[in-house]
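Residue numbers (our numbering), protein chains in the order written: chain A, 43 to 445; chain B, 43 to 445; chain C, 212 to 545; chain D, 212 to 545.
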Amino acid sequence: MTTGAPDRDDDVAAVLGEDLDRIRETLSALETRFATSAAVAEPDHRVGLMEESGPGELDVLARARQLQRALFQAGLAWPQGPVEFGGGGRSKEWSLALDRVLDEYDLPSRAQLLVGLHIVAPAIASHGSADIQRRYLPALFRGEVVGCQLFSEPSSGSDLASARTSARRDGDDWIVSGQKVWTSGGHIADIGELLARTDPLAGKHAGLSMFVVGMKTPGVTVRPLRQMTGGAAFSEVFLDDVRVPDANRIGEFGAGWSVARTSLSSEREAMMSGLGPLSPHILSRLHALVASGDRCSDPVIAQQVAQVTANVLAGHALAARKPADWGRLGNVAGSVSKLLLVETVDLIGHLIADLCGPRVFLDEDETFLWSEFVLGAPSLHIAGGTDEIQRNVIAQRGLGLPR
Amino acid sequence: MTTGAPDRDDDVAAVLGEDLDRIRETLSALETRFATSAAVAEPDHRVGLMEESGPGELDVLARARQLQRALFQAGLAWPQGPVEFGGGGRSKEWSLALDRVLDEYDLPSRAQLLVGLHIVAPAIASHGSADIQRRYLPALFRGEVVGCQLFSEPSSGSDLASARTSARRDGDDWIVSGQKVWTSGGHIADIGELLARTDPLAGKHAGLSMFVVGMKTPGVTVRPLRQMTGGAAFSEVFLDDVRVPDANRIGEFGAGWSVARTSLSSEREAMMSGLGPLSPHILSRLHALVASGDRCSDPVIAQQVAQVTANVLAGHALAARKPADWGRLGNVAGSVSKLLLVETVDLIGHLIADLCGPRVFLDEDETFLWSEFVLGAPSLHIAGGTDEIQRNVIAQRGLGLPR
Amino acid sequence: MDLEISTDEIRRGIRDYLADHDCLADVRSIADADRSAPGRRPFDEAVWRGLAEDLGVAALSVPEEYGGLGLGLRAVASALSEAGHELYPGPLRSTASATAALAAAPTGGGARPDVADALRTIASDGAVASLAVPAADVRGGCGVTLDGELLRGTARAVPHGASADLLVAVVDTSAGTSLVLVPPTALEQAIRRSRGGIDFSTAYADLIFDGVPGTVISADPQQVSHVLDMAQLLAAAEQVGVASGALDRTLDYIKIREQFGRVVGGYQALQHRCANVAVHIEAAAALVERAAAAAESGDTEVLARSALLARAAASEVSLFAADTMVQLHGGIGF
Amino acid sequence: MDLEISTDEIRRGIRDYLADHDCLADVRSIADADRSAPGRRPFDEAVWRGLAEDLGVAALSVPEEYGGLGLGLRAVASALSEAGHELYPGPLRSTASATAALAAAPTGGGARPDVADALRTIASDGAVASLAVPAADVRGGCGVTLDGELLRGTARAVPHGASADLLVAVVDTSAGTSLVLVPPTALEQAIRRSRGGIDFSTAYADLIFDGVPGTVISADPQQVSHVLDMAQLLAAAEQVGVASGALDRTLDYIKIREQFGRVVGGYQALQHRCANVAVHIEAAAALVERAAAAAESGDTEVLARSALLARAAASEVSLFAADTMVQLHGGIGF
């Protein structure tokens, strides 16, 4: 078990009840199983905010898939999923409690599966036909299929609904052409959730539909993008007369915008939970960094540490909140959580820079490991919708100010 | 001389040259002259950001007028003014250097004259006829006439150009009716600079003209406004068929908006100088407060003190900057300075609150004296144009972003 | 009793009651009275009685055996948030803090008779109580020492100290810092000096003790610091309410105030500022919820940590929201 | 010579020259080279020679008797701001800092021959110089001690330390912390280890001295701290330039990038953020101007205070401007 993880309530036991013992047994066994191969597979000890492509990437992915399959078999991969597809049929509360227990165990990272599980799957689950649900949901939650998101385009960033990638009908298929960008994990994904314009004559939003596209389909080209951290977590994806069956449509014809909103809001909520950038793993390493330096008794640093701690605890408490407790902000909870998250990540970045000084940007042992975190922080303000978009959403949909 | 005043360059001597000795002689004599009556006239030692009406107010005003007259006679009240009206005919540089020297002397406050000198007078000097200049400028700078500003209305705050107070022509006069608000020193002023709609059919901006109105003219009613500090620095002014001669018009018919902009920009520039809220007097008392407490060695407080010091020095340096050094921001220099000022005042307010804790809001000796400063700080974000308006101005007129 | 439903009922009950009694007008009249003759006039007695007795808010966290509802700090925190939302100027928080201290006192098979009496009078008689705590930068007591069985010294700026019927004080004794109950008969012997100031939503008084009897209800240092943590939590809950009330009033105003031919609430700068306030209110509220839940489940360690973080966050957001309210009201806000 | 006109000429000259040579592309290619084979490649030698020799920027503050222009720190600060604006990755600041240290060395009727030689080679030969200073949290020297006449120890992360022809180092000696000149012949004996990292606009190297000759040019503690102040001021000047370059690039982009059918530069949230950056750039620039003026007029006390405040303000605004640039470019900024 990790040390220094943030504190947690003990009502986990109350929610999970008699399942708890069995869960802990399963997770302990998995911890042991994966620990044996950990030293080999973990490429280095860098602390980054994103999974980036690199030498050890495929090993990490393989371990993530193995873990996901094992959790699925134990009924712990998809607690809220319908029982007929292999889900657990549990409540949201149960699922949140399970996440807390999962946080306690030192298991391989599943970060490369998150887009599929927390962006693609919710869209399919909420809007997809029974057929498409059956085809993709169990496979995603079993770790057999890795998903990515094909939403943004060079000229459609914040204004996502202006997407130009076109899908024109051809018999039972659609022929898709266009360019997508900022696709996390595009190069390792099996399927993509594709937002395309199916009716150029309809309104901006009404002209969109959503599809599942196989990333190995002829006409799909993935080109990784170099980013500020030096790594490549994102890709450009070119779609050149790609044939997608109509059976792969998620939701109604013209309902693409509504499906996209489901995905985006699920993404925001996942980010603030332990699944997002502020994993227990990162937090415990942060605590260790603070404790190791000679400045941990510096009052100026102490103020920053307290602020970070408050934000992290608040974020976890919000992630565990019941929908009813959100009041008028219930429909913008993801945006609230995401703004708190990015503020927290910035605070951590500043804390690290203040603690390490120039050693964070020079190739110094230990401290340089944080450079990717510091350089990665800006991306979180943009990914999943910019801060400006989140504030517009809160003000207009949450606080009732005019659009 | 005050102690603990912010440091200043010694090139004051270079600019003022051989005048410097004579100036110091004059100011020393004035310091001695006013020191004898100081204990009587200063009502208390509270530290506020605005002159507020109260028991000792008229004594303070009388002393301000006496000082102003003495400075005028010594050629130190209106350095940049034309010689034929009693001004000094000096350069801006000379005038700024004089301000620095003035800061060194412990002279009575002239805060109640500032609106007349730094808002009304610049408008008359830039736009007024020779006749109106002759009638008002020397009187303002001699301290014989106290001015106030009649711009804002209940429904015209940030959107000043939507002013509805109407002036209709009647022979050689105008008949003015309407309501003005947030008039600083309205109850002590002799004249007001009045923005009124002279042509309801012309465009929003083109329909405005500017006048000088005597505050004792029949139909003018001044009602002080209670504010957050408990005091009353502002008034409402009701204008009820007030007769104003056309000879009191400042600038052309329909040029009221342009005249107002001169006043507003002059106001902003004056605020950041030693004439504004951050007078050498307040700063030396702040230094004394920091030094007197047991927290002056607290690193968290030290960070705040350093930040305040940096802002104050930067503000003074900007106030002394030559127009050419502003580059593309030359036409929005007042807005830049004002935003820096209000940020500084907020920083000081937080520092005071952190230093004094609850003693700043309880009737405690010494520390409670700062409560007016802390409570007054918010008003500076609004007076002279809100922060939002200043940022719009900087972005659009300075940085060239679209309107 | 289902706590969830209760909490909502409590919130609604208090909000409706206080809205009917226009607290803000009461605060303004207190301020006006003070400005004409400094020295604060007390809160409205009838509103307090209605709140404490008719609505039973004072009894929320009093154990059932002493006539209370036996609810935990989540209910009390909710009540205080509502009172803060309306800027209620009476002794709800001071009474709740003292109640928390009394209810937490070690019982050992039933509370001591004096503690039981104090709880009963709070639950049933609308008694005003307060908690005298040390200043923020002081370790130890509130300025008062217990000398034998008599209290000596001055407790400064005690919330609603002039109106309090009974007091719990953090006091220096020979056994260390302790919690001391000053029952009504004893408190009458204290000299009370009302304090002026600029907080018109809470009255403060210095309480001067010159040989006033008091009884130690706990000398356990952990108990003392647990009580101080609960007081921080309750203050934070009230502040979150103050912040949310300020935001609501701001939203109401900027939805109708027009400049440049449109409502100012349509400007992105104002929308984003309000969104930021909302985010930080939720963060502070989440910390309060967390601390209150920890208090209820008896996890004093989590309470200790999260109560102070909640208080810090709530202080900051209440200032931020109040400042936003002033700014976004323009001149009339000031 | 009228300084005002000169400063403008200097600014324009450097800006035009660096714009012609596309520094940003050079920084990118340095980064690309480093990413494929870690270990930074040096700056473009031809651009440095053009800047130092053809434009005479290296000679700005070298006294006239040693072939320089004899200008003060205001001119040098202006030059560094322009270089920062273009993110020039060569040794301009390191050379300027060393030059300031050499020019400030006590002369007593003409500089010592070794100092004079060093200044001449900087002014006329395009020599790369650097200043090795102690780490921010360290009092004393840069990690190197003078043992008799030989230097021992390691100066870590010296800017452009791998390319430097000569070095001024803050060194611990038996007479206290002193300024030591390491002339070209001596510096050749140091072991140099290039440092990797994520700053592609400045190369760093550790310099290891194992008995390398060096000569004390000043053991006066005030002189040492004056030199460190000047170095802070020059760093601040460069950072102000970096910030203003970031703002300019941001403005260029948001004036053309369209979303929701309009340029994003029309949104109030973005306008206000840019306005805030501009305000803080001017504040930092004003502090730099003030510190530079104090340095020129020999007011070391004002310099000491304002140089550190300028540095702190410039550090903050350069981060703020760079972060704004990344954010307002959206995904392509990252």
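All C-beta atoms, glycine included, are put in the ideal place defined by N, C-alpha and C.
PHE420(D): buried (16+ other C-beta within 10 angstroms of its C-beta) or exposed? buried
What are the boundary residues of the beta strand (DSSP E) that LYS222(B) is part of? 215-226
Please list, in chain order, the chain A residues whose beta carbon lies closer than 8 Å to that of THR409(D). The identity of residue 409(D) in the sequence shown is Ile, whereas the question assumes Thr. Result: GLY272, PHE403, SER413 and LEU417.
Taking Cβ-Cβ distances shorter than 7 Å, what residues in chain D pair up with ALA480(C)? GLN479, ALA480 and HIS483
Less than 6 Å between C-beta atoms, sequence neighbours within five positions excluded: which residues of the same chain meet that for ALA270(D)? GLY279, LEU280 and ALA334
For SER194(A) versus GLY542(D), is the C-beta distance shorter than 8 Å? yes
In chain order, what residues of the same chain lie with their CB nearer than 6 Å to the CB of TYR299(C), ignoring the 5 residues before and after it? LEU229 and CYS234
As a quick exercise: from SER251(B), ALA165(B), ASP282(B) and VAL188(B), pick the residue whose alpha carbon is nearest that of ILE217(B). ASP282(B)
Inter-residue spacing [alpha-carbon to alpha-carbon] between GLN432(A) and VAL378(A): 8 Å
Round the Cβ separation of ALA203(B) and TRP299(B) to the nearest angstrom and send it over; I've been treating them as touching at under 8 Å. 6 Å
Would you mind sorting PHE471(D) into buried or exposed? The rule is 16 or more other CB atoms within 10 Å of its CB. exposed
Do ALA504(C) and ARG285(C) have their CB atoms nearer than 8 Å? yes
Coarse secondary structure for TYR415(C), derived from DSSP in three states: strand
Got a sec: which bits of the region 327-357 of chain A sit with their beta carbon under 9 Å from any beta carbon on chain B, in order along the chain? ASP340, PRO341, VAL342, ALA344 and GLN345
List the DSSP bridge partners of ARG15(A). Nothing in the structure corresponds to residue 15(A), since chain A is present only between 43 and 445.
Which of helix, strand or coil DSSP assigns to ILE402(D): strand
Strand pairing of SER455(C), partner residues [DSSP]: Answer is none; SER455(C) lacks a bridge partner.
Nearest chain D C-beta to ARG50(A) closer than 8 Å, yes or no? Low confidence applies to ARG50(A): its pLDDT is 45, below 50, so where it sits in the model is not reliable, and the reading given next is rough at best. Not closer than 8 Å to any Cβ of chain D, the Cβ of ARG50(A) fails to qualify, so no.
Per DSSP, VAL255(B) forms a beta bridge with which residues? GLY234(B)
Proximal residues to PRO124(A) (C-beta, below 7 Å), its chain only, five neighbours per side dropped: GLY131
Answer with yes or no whether the minimum CB distance from ILE436(A) to chain C is below 8 Å. yes
For ALA286(D) and chain A, any beta-carbon pair shorter than 8 Å? So no, ALA286(D) is outside the interface.
Looking at the unbroken beta strand (DSSP E) that takes in ARG265(A), where does it start and where does it end? 262-267
Taking CB distances under 8 Å as the criterion, tell me whether VAL237(C) reaches chain B. At residue 237(C) the sequence reads Asp, which differs from the Val that was named. No, ASP237(C) does not count as interfacial toward chain B.
With distance defined between alpha-carbon atoms, name the residue in PRO121(A), LEU382(A) and LEU113(A) nearest to ALA139(A). Out of PRO121(A), LEU382(A) and LEU113(A), PRO121(A) has the C-alpha closest to the C-alpha of ALA139(A).
According to DSSP, simplified to helix, strand and coil, what is ARG211(B)? strand
Per-residue burial, GLU408(A) [other beta carbons within 10 Å of its own, 16 or more giving buried]: exposed
Taking C-beta pairs closer than 7 Å, name the residues in chain B that ARG501(D) reaches, listed in chain order. Here the neighbours are LEU355 and ALA359.
Where does SER197(A) fall in DSSP's three states? coil
Any idea what DSSP makes of LEU262(D), helix, strand or coil? helix
Own chain partners of ASN496(D) with C-beta closer than 7 Å, once the 5 adjacent residues on each side are dropped: Asn is not the amino acid found at residue 496(D); the sequence shown has Ala there. Answer for ALA496(D): VAL451, listed in chain order.
Comparing the C-beta of GLY542(C) with each C-beta of chain B, is any distance below 8 Å? yes
Quick one: using the 10 Å Cβ neighbour count with 16 as the cut-off for buried, is SER70(A) buried or exposed? exposed
Excluding the five sequence neighbours on either side, which residues of its own chain have a C-beta within less than 7 Å of the C-beta of GLY376(B), listed in chain order? SER307, ARG310 and GLU311
Alpha helix (DSSP H) segment containing LEU390(D), residue limits: No alpha helix (DSSP H) holds LEU390(D); the beta strand (DSSP E) holding it covers 387-393.
Residue span of the alpha helix (DSSP H) that contains VAL162(A), given as start and end: Run containing VAL162(A): none; DSSP gives neither H nor E here.
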